[in-house]
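Residue numbers (our numbering): 3 to 257.
Report on the following structure.
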Amino acid sequence: MSMSPAVQRSDDQKPALLMLHGFALDARMWRRQVEVFSDEFRIVTVDLPGFGAQARDVGEVSPAEEVGRAMDAAGLTSAHVLAASFGAAVATDFALRFPRRVQSLSFVGPQLLGRRLGIESWNRCVSLASDGDITTAAEVWLDDPLYLGLRHDEDLFEEVRQIVLDYGGAHWTGRVTSSWLDADPAPRLKELQTPALIMSGEGDLPSFLQMAEAYAKSLPRARREIVQGAGHMVNLEVPDHFNAVVYDFLQSLSR
3 MSMSPAVQRS DDQKPALLML HGFALDARMW RRQVEVFSDE FRIVTVDLPG FGAQARDVGE
63 VSPAEEVGRA MDAAGLTSAH VLAASFGAAV ATDFALRFPR RVQSLSFVGP QLLGRRLGIE
123 SWNRCVSLAS DGDITTAAEV WLDDPLYLGL RHDEDLFEEV RQIVLDYGGA HWTGRVTSSW
183 LDADPAPRLK ELQTPALIMS GEGDLPSFLQ MAEAYAKSLP RARREIVQGA GHMVNLEVPD
243 HFNAVVYDFL QSLSR
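Have a look at this one:
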């Protein structure tokens, strides 16, 4: 298996909450959410294929199918899914493949396959990583406007920097490539009757705001939230507010 789930098994009767991280990050990005939600949810975090300090080069792989295997390993038939950026693309692919396994979708700064990413640093990161300079590629990635909202807090930025430096650049070099059910899933989003929360920071990149709007308009049961004073990584930049919004959404489903 390309990734192993970290599962809290204190109470298997709790509803499950699966967390999927963004690009160049790993499950550690959810620390502030795990601490809060573990009281009422059975938390499952995964490092998606090619990410995390222990990542292996696995060639072409379906992240969604690996998520399914991780859930199987955790003994879960279904879960609420909380996903950031690239993780939202994975969650969408997973929901289209296995709709009965998804109880709800909570997306923050989501990527929508088939749309322009608008990430300024991408091509340079690919070039540097392909030349073997993974560390400089990671630092260039951290200089991207995606991370601008983290820079108000030096300790927070350093925490995220260490996670990114653990990323081995496998997707930049082609040592890991992702396969998808549909390279342009937008026309199929209307099929997903799953309750959805679509969150963005007001200062996110325009391309990511457009992708979030596309999700909000196409998913039949979507709730849209714009967070003032935040950028791309809302769960890290304003964790208390983020946690409150997600908690309210999840509680509304049980009500």
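Glycine is no exception: its CB is placed at the ideal position from the N, C-alpha and C atoms.
None of the values given here were measured: they were computed from a predicted structure.
Annotation: residue 250 to residue 106 spans about 13 Å, alpha carbon to alpha carbon. By the CB criterion at 7 Å, residue 21 and residue 117 fall outside the cutoff. Excluding its 5 nearest sequence neighbours in each direction, residue 228 has C-beta neighbours in its own chain below 7 Å: 202, 204, listed in chain order. In the three-state DSSP reduction, residue 61 falls in the strand class (E or B). Residue 114 counts as buried, since at least 16 other C-beta atoms from the protein chains shown sit within 10 angstroms of its C-beta. Contact annotation: residue 182 and residue 95 have beta-carbon atoms nearer than 7 Å. In the DSSP assignment, residue 202 falls outside any alpha helix (DSSP H) and within the unbroken beta strand (DSSP E) covering 198-203. Per DSSP, the unbroken alpha helix (DSSP H) holding residue 246 starts and ends at 241-256. Annotation: residue 231 to residue 111 spans about 14 Å, alpha carbon to alpha carbon. By the beta-carbon neighbour count (other beta carbons within 10 angstroms, threshold 16), residue 55 is exposed. Taking a C-beta distance under 7 Å as the contact criterion, residue 59 and residue 172 qualify as a contact pair. Judged by DSSP in its simplified three-state form, residue 131 adopts helix.
Sequence-distant Cβ neighbours of residue 145 in its own chain, meaning closer than 8 Å and more than five residues away, are 123. Distance from residue 50 to residue 92 at the Cβ level is roughly 6 Å; contact confirmed, criterion being Cβ atoms closer than 8 Å.
DSSP, read as helix, strand or coil, puts residue 107 in strand. Taking a contact to require three or more Cβ pairs closer than 8 Å, the stretch 123-137 and the stretch 185-192 do not qualify as touching.
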